[in-house]
Each structure stands twice: as C-alpha cells, then as structure tokens.
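What follows is a set of notes on a single structure, which appears directly below.
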Amino acid sequence: MGRLGERLDERRFRLAVLTLALIGGLVVWVVSTDLFPYLSLNHDEGVYLQQAGMLLDGQLFLRPPVPESFRPWFFVGSEQGFYPKYAPVAAAMFALGRLAGDYTLALVAIAAANIALLTTVVAETFRHEGRRFARATGLLAGGLLFLSPLFLINSSTFLSYAPTTLWNLLFAAAYLRADRTGNRALAAIAGLAIGIAFFSRPYTAVLFATPFVVHALWSLRDGRIALIRNGLTAAGGLLGVAVALGYNAFLTGDPFTFPYAAFAPLDGIGFGKRAILGHAKQYTPTLALTANAKVLATFFGRWGIAGVLGTALAACGTALAIVVPRKRLHARTAVLAGLFVSIPVGNVLFWGNFNILGDLETSGTGLIAFLGPYYHFDLLVPTAAFAAYAGLRGALRLRRLLQPRFDARQARVALAVCLLVAGAALAGVTASAASEPLERNGNVTSEYKQAYQPFENRSLANALVFLPTTYGRWLSHPFQALRNDPGFGGDAVYALAERQFAVVDAYPNRTYYRYVYGGSWSPTTGDASEGELRPITVRSGERLAVEGQFGIPDSPESVTVRLANGDNQTYYTTTRDNGTLDLRLIADERARLRGEVTPVNGSSIPLTGDTLTLSVFVDRGPTGGFGYRVELPFDRSGTTIRALTPTKEVCPAYRCGGGRGVVNGTSDGVSIDANLTAA
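Residue 151 in UniProt numbering sits at position 151 of the sequence shown, and the numbers go up by one each step.
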C-alpha cells in the first residue's frame, strides 16, 4: 500500500507540474500575441527570427543580390556572406515552433518547460526536507514565476534569455538528481545541457554553472563513483564547448573568435574601453558597480518575484535554508543559494548592464524600463526557490500555531484565509510592479500598429519595398516585422534605399514601393509615426525632369536652394517670399534648375553617382526655419538616364535624414510636391 501511495503521489505531482506548465504557456501565448504582435523595442528579436528562417532553409550565411541594400541588423559581413552575431541555439528552438505551425509556439513551449524544470530543480534541492514538502515547495516556486514581470515579458519575446535558462535548468535538474541517485545517464545529460547553454550564451552558462562546479569538486572526496559521474558531466559540457568553438571556426575563421566579437571586438567582458557601433565607454569598476547596483535594485524592487515582498520572502527563505546546520547532502541547498553570488558578481564585468539603463541619472530611459534586467534572468531561479521555501515554511508554522487553538475545521478555515490574504498581497504587489512596463510596451505597440498599418490587410504579391535608413544602413532596425526570407525571394522583398537601381535590376519584374513615415521615428514618446506605402515608377530617356512645388509661408527672411550630387553641389537664391516656389530639376549630361532661382556658384553640376538631392532652406530668422528635400535616385548608362520616383521630405529645423517622407500633406503653408517626368 505504501508503494502504491508513493505512485499516486508521484502521479499527482506530475499532473500538477503539467497543469502549472500549461497555464504558464497559455499566459505567455496571450502576452506575446497581444502585447508584442510587432515584436518589442529590442531589435535583437528580428536577428533571432531571421536566423531561425535561415536554419529552416539549411543556411548559415545570407547571400543577398546587393549586399549593401540587404544587410540585416547585427549581421556580420564576410566573404562567405552575412552571418548573425548570435549563436544559433535560441534561433533553432524558435525554428521548431515554426515547424509546429507558428514561431510563438516555441515561446509557449520554452515557458512551460522553464516552469516544469524549475519545479523539478526546487523539489530536488529540498528533497532532504521530505518528499512531500520538497514537491510542494517546487510547485509553489513554479507558481511564483507568474508573479515575475521579468519572466512573463521576456518569455514572450524572441530573445535568448529564456531559452538559455531552459538548458541551465535542465542541467541543474539532471545534475542534482544524478548527485542523489548516482545515475550516470543523468550526469551525461547534465553535461550536454550545460554545453548547449554555453553554446547559446557562454558567459551566462558559466555564471550559472559556477556553484555547481564548486559542488562537484567538493563531492570528489566521495571517491571513484563521484569522479566518474562528474567526469561524464564535464565531458558533456566540454562537448558543447567544442561545438561552439567549431561553429566559431566555420563562421569567423578562428575558433576563439565568437561571432559577437567579430561584429564588435570591444563588446566583451571586463573593464576598460568597451565599444559597439560607435557607442564607446570607459567601463571602470566604479561605473560597473554603480550600474549593477541600479540593475539589481530594479530586479529586486520591481521585476523579480512579487517586487519587494517577494525579495523579502526570498531573503527569509535563504536564511532559513542555509543558516541551520545541515548534513553533507544538504550542501546542495547552498548550490542554489550560490546563484545569488555568481550571477550578480559575474554581471559586474559585463558592460551590457550599463547599456540597458539608458541614462544612469534618469530612470526609465533604457531597455530596462520596457524589458527589465534581462541579463539577470537566471536570478529568478534562486529567488523563486527560496521565496517558495519561506512561504511554505511559514504556512506550516502557522498551521502548527493554529491547531492547538482551534478545532480541525476552524484551523483549516483560518489557515486558508491567511493564505488567501498573503496571496492577494503578493498578487497586488505584482500587479503594481507590472502595470508600468505593461503600459509602456502597450503604448509602443500602439505606435507600431499605426506605423505598420500600410502593410495590414493588403496583398504585396511580387513586390519590392524600399525601407528608410532610420538608424543607419540596416534592415530590421527598426522595422523587425518586415523581414526577407533567407533566399531573398517570396511575395515581398524588403531593401534599403541604397544602390536602388542595382536592387531594381536584381528584381526586374516586380511592383516597386517606398515606405515612408511622417515626423520622427520615436515609438517610446507617444508621437505616432503614420506610415504610407508609395508606388514607385521607373522612367528612362536622354533627359528627365522633376517638377517641384514648395510652400513658402509667412514671408521668411531668406530662401536658399541647393542642388547636390555626391561631392558636387551648387547654390541658388530666390526672390520668392510667399506662396509656392516652382522649380524644375532637369537631368541629362548635367543637372540644373529652372524656375524662380538665380545661380550663386554655377548653374549646373555633373551627373555622376546615383542620387541627386534638391534642398530648399527656409530661414525664418530668430523663430527658426525648416527645409525641404527631394532625392532622385538615378542611373546613367551612355546617353540614357533611368530614374525612380523621387522621395520628398519636410525637415524640421533643417534636419533631414533617414529617408523619411511626408505623409498626408502638411499645413500652415508648408507643403511639398515633386513629380518625375520626361523632359
């Protein structure tokens, strides 16, 4: 009967774990599809999804027809093609979701697996307290993950933190059970799991594994059996390291040069000068400690388990679990507590924790305000574990206090009321902590929805869309939702406005569009960027012209016109001080302007390069001014000139850039129109 009871308990425990995991997966599905339908502010999501598409096509490199026009964000250029700066582990996991029907299914499975594995790890850690107590603690720890905004939000994004935690937790679960049972197969699985975690995020895996490595070395005093078991774990881990180094050698040509280092050699671990894409900082120990103190305060105060209340519970649980003298077997509890040391201390060496803060002096300016301290995602493991331990110990202590004072029924009712009050308090603190990041991300999604509206509910069959270079010459930065398939085919192809005629020649039989948006791209400020898809026509001939009309309101102090082509430029003045300035840009062997303008330093410029730029500067004196810009992409072959429909832009305070365009006209006399014709 005892063995049958154990089997029933085991079955109930597994059913409870499965139920908890399924609920977690469902919650992540809702958050991902509702809060992040266009992905998040972290543009790394587009990198992983592009990489997942490559893996599904059996590719490690992208080979676009015009490299300058098709380079995705965070991809490294090489002779073999473009490759992502990230390891392929997380992308491969996302790809499995796509094979099952949708990428989001991978997020659901990863979240569910993390809940189930955390439950297992915690139950295994506290098994010396009694099997039922350990299982109850594990289930409570899994449930507490729902009270973490960091878990819910990051598990709902296509980033590598939750996937890497899955492998770390699988390592911990297999290692702890192998340590208890002596099972060599589990020891080998533990090694393979941490090896995959290393391949995914090397430094993250090292920080997580460090307390377990210390425990493994300490357990070697048990002799040959422990040596063989830990040797199998080490062998599995080293196999993962070898695969990672082999991957490096294949992509970068050097096994010890990781792709992220090939992308930005100074973007690494340690103090000193750190830099990536023009952003550089002298990362000193003082700066590191200051930044990480803020990150940890954010984790334990808002993003962890139930905010400060969960932090207090975790602190009590840690004290209860490790202060009381324990036997040798119970040293495994200290391993889990060791994560409170290895993860925060190790992260001090990584300047990424400084970067996610945005401005050290102003809270809520960086990615941490939207996605939380995601480099500390693994810190949820010990926090949930010891908060659950304290909660269950407290509930048992309360039951013992109630039993002598009430009859059995009254004691159960009183205990239930107390637990409900405690649960409500935890839920209330969590709701308060999560409300701000949820609202912020929701506002960003509203901005994205408006910007991407031109692509919704319409067919772009056999289309080529030129995207603006908002943040430089990168695809998927910021337009993550607009991605090419790995073969750069499909119904719609997206390209940067670089070498546009080379792109047109590579896709000669498509319908061409240019995506533009009004104002500045600033989804975090609440300033909507209304987008528009504009058809592009191709004209050719020995002479082409652009007919332009520019609004000149309120009698400005002066109006200056510039015509530029690469390093060649010429200026014009005009007497037009109100109404509309009509200009005609003519291009044949040279480019020149006709209309109400007078040349200042030459009437024309040579037709070289691939873009003509016509700028009109309206100076309003002390009140400031604004500008217009028209860009004409062209290609000249012999006496024949080809040109695309020009871009047109109103530039506040003369600041033009990014290939943006005017959407839905303008007001107050500020207007621009430009049409390409045969001259």
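Glycine included, C-beta positions come from ideal geometry on N, C-alpha and C.
Please read these numbers as outputs of a predicted model, since none were measured by experiment.
T157 and N292 - do their beta-carbons sit closer together than 8 Å?
As a first step, residue 292 must be located in the sequence shown, where it is residue number 292. As a first step, residue 157 must be located in the sequence shown, where it is residue number 157. Their beta carbons are not under 8 Å apart, which means N292 does not touch T157 by this criterion.
Roughly how far, in whole angstroms, is the beta-carbon of G182 from the beta-carbon of G237, given that I think they are within contact range, below 8 Å?
Here residue 182 corresponds to residue number 182 of the sequence shown, with the count starting at 1. Here residue 237 corresponds to residue number 237 of the sequence shown, with the count starting at 1. The Cβ separation is near 19 Å, so there is no contact.
Scan the segment 574–603 and note each continuous beta strand (DSSP E) run of 3 residues or more that stays entirely inside, going in chain order.
579–587 and 590–595
Where L232 and F146 are concerned, what is the direct C-alpha to C-alpha distance, given to the nearest angstrom?
Locating residue 232 in the sequence shown gives position 232, where the first residue counts as 1. Locating residue 146 in the sequence shown gives position 146, where the first residue counts as 1. When only Cα atoms are considered, L232 and F146 end up about 35 Å apart.
Taking DSSP as the reference, what is the three-state secondary structure of Q480?
Your numbering for residue 480 matches position 480 in the sequence shown. Coil, per DSSP.
Could you compute how far the alpha carbon of Y283 sits from the alpha carbon of L336?
Position 283 of the sequence shown, counting from 1, holds the residue named residue 283. Position 336 of the sequence shown, counting from 1, holds the residue named residue 336. When rounded, the distance between both Cα atoms is 30 Å.
How many whole angstroms separate the CB atoms of V121 and A173, which I take to be in contact at a CB cut-off of 8 Å?
As a first step, residue 121 must be located in the sequence shown, where it is residue number 121. As a first step, residue 173 must be located in the sequence shown, where it is residue number 173. V121 to A173, Cβ: 5 Å. Contact.
On a Cα-Cα basis, can you pick out the residue from P599, I672, E45 and L420 that is closest to F479?
Numbered from 1 along the sequence shown, position 479 holds the residue referred to as residue 479. When only C-alpha atoms are compared, the closest one is E45.
Below 8 Å, can you find three or more Cβ-Cβ pairs linking the segment 376–392 to the segment 129–145?
yes
Put N462 into one of helix, strand or coil per three-state DSSP.
Start at 1 with the first residue of the sequence shown, and residue 462 comes out as number 462. Here N462 sits in coil by DSSP.
Tell me which residues share the same chain as R483 and place their Cβ nearer than 8 Å to its Cβ, disregarding the 5 neighbours each side in the sequence.
To locate residue 483, count along the sequence shown from 1; it is residue 483. Closer than 8 Å at Cβ, skipping near neighbours: G46, L49, Q50, G53, P72, L475, S476 and Y494.
Along the chain, where does the beta strand (DSSP E) that runs through V538 open and close?
Here residue 538 corresponds to residue number 538 of the sequence shown, with the count starting at 1. Start and end: V538 to G541.
Note down the Cα distance separating D359 from A185, rounded to an integer number of angstroms.
Sequence index remark: in the sequence shown, residue 359 carries index 359 (1-based). Sequence index remark: in the sequence shown, residue 185 carries index 185 (1-based). In this structure, the straight-line span from the alpha carbon of D359 to that of A185 is close to 49 Å.
Would DSSP call A495 helix, strand or coil?
Here residue 495 refers to the residue found at position 495 of the sequence shown. Of the three classes helix, strand and coil, the one that applies to A495 here is strand, per DSSP.
Hey, how far is the Cα of R400 from the Cα of A319?
Working through the sequence shown from its first residue, we reach residue 400 at position 400. Working through the sequence shown from its first residue, we reach residue 319 at position 319. Each residue's alpha carbon lies about 21 Å from the other.
Return the chain-ordered list of same chain residues with a C-beta closer than 6 Å to the C-beta of L379, the five sequence neighbours on each side being excluded.
One-based indexing of the sequence shown puts residue 379 at position 379. If we look at L379 and ignore the five residues flanking it on each side, its Cβ neighbours are I343.
So, with DSSP's three-state summary, where would you put A306?
By 1-based counting over the sequence shown, the position of residue 306 is 306. If DSSP states are grouped into helix, strand and coil, A306 belongs with coil.
What's the gap between the Cα of A387 and the Cα of L309?
As a working note, residue 387 is residue 387 in the sequence shown. As a working note, residue 309 is residue 309 in the sequence shown. Answer to the nearest angstrom: the Cα atoms are 9 Å apart.
Going along the chain, which residues of its own chain have a beta-carbon closer than 7 Å to the beta-carbon of D668, five neighbours each way excluded?
Here residue 668 is taken as the residue at index 668 of the sequence shown, counted from 1. For D668, where only same-chain residues beyond five positions count, the Cβ hits under 7 Å are P553.
Jot down the residue ranges of each uninterrupted alpha helix (DSSP H) in the segment 255–318, minimum 4 residues, whole runs only, in chain order.
259–263 and 285–298
Report the three-state DSSP secondary structure of L38 (helix, strand or coil).
Locating residue 38 in the sequence shown gives position 38, counting from the first residue. Going by the sequence as given, residue 38 is Tyr instead of Leu. Coil at Y38, not helix or strand.
Taking C-alpha atoms, which residue in S522, Y515 and G551 lies nearest to P535?
Here the question's residue 535 lines up with position 535 in the sequence shown. Considering only alpha carbons, the answer is Y515.
What does the alpha-carbon distance come out to for the pair H215 and A502?
In the sequence shown, the residue the question calls residue 215 occupies position 215. In the sequence shown, the residue the question calls residue 502 occupies position 502. Distance between the alpha carbons of H215 and A502: 60 Å.
Which same chain residues, not among the five before or five after I672, have their C-beta less than 8 Å away from its C-beta?
Within the sequence shown, the letter at position 672 stands for residue 672. Cβ within range, chain order: G548, Q549, F550, G551, Y628, V630, K648, E649, V650, V662 and T666.
Going by CA-CA distance only, name the one from G609, D179 and G638 that's closest to T125.
Counted from its first residue, the sequence shown places residue 125 at position 125. The shortest Cα separation from T125 among G609, D179 and G638 belongs to D179.
Cβ of E596 within 7 Å of any heavy atom in the ligand MN?
The ligand MN is not part of this structure, which contains no ligands at all.
Please confirm whether S155 and I305 have their CB atoms less than 8 Å apart.
As a working note, residue 155 is residue 155 in the sequence shown. As a working note, residue 305 is residue 305 in the sequence shown. No, Cβ-Cβ distance for S155 and I305 is not below 8 Å.
Could you work out which residue in G621, A461 and L612 is closest to Y513 when comparing CA atoms only?
Counting from one through the sequence shown, the residue named residue 513 turns up at place 513. Selected option, being the one with the closest Cα: A461.
Please classify S615 as buried or exposed, where buried requires at least 16 neighbouring CB atoms within 10 angstroms.
By 1-based counting over the sequence shown, the position of residue 615 is 615. By the neighbour-count rule (16 or more Cβ atoms within 10 Å), S615 is buried.
By DSSP, does D222 sit in helix, in strand, or in coil?
Along the sequence shown, read from residue 1 onward, the residue named residue 222 stands at position 222. Looking at D222 - three-state DSSP - the assignment turns out to be helix.
Spatial neighbours of G489 within its chain, please: CB distance less than 6 Å, with the 5 preceding and 5 following residues excluded, ordered by chain position.
Residue 489 sits at position 489 when you count from the first residue of the sequence shown. Hits under 6 Å: none found.
Any idea which residues DSSP pairs A678 with across the strands?
As a first step, residue 678 must be located in the sequence shown, where it is residue number 678. DSSP, once it has assigned bridges, lists L544 as partnering A678.
According to the neighbour-count rule (16 or more other Cβ atoms, all chains shown, within 10 Å of its Cβ), is R177 buried or exposed?
Within the sequence shown, the letter at position 177 stands for residue 177. So R177 counts as buried.
Is the segment 601–614 close to the segment 564–581, with three or more CB pairs under 8 Å?
yes
Can you name, in chain order, every residue of its own chain whose Cβ lies under 7 Å from the Cβ of residue 680, other than the five neighbours on each side?
The structure shown does not extend to residue 680, since the chain is modelled only from 1 to 679, so the question has no answer here.
Under 8 Å: do the segment 25–42 and the segment 100–112 share three or more Cβ pairs, one atom per stretch?
Because the criterion of three Cβ pairs below 8 Å is met, the segment 25–42 and the segment 100–112 touch.
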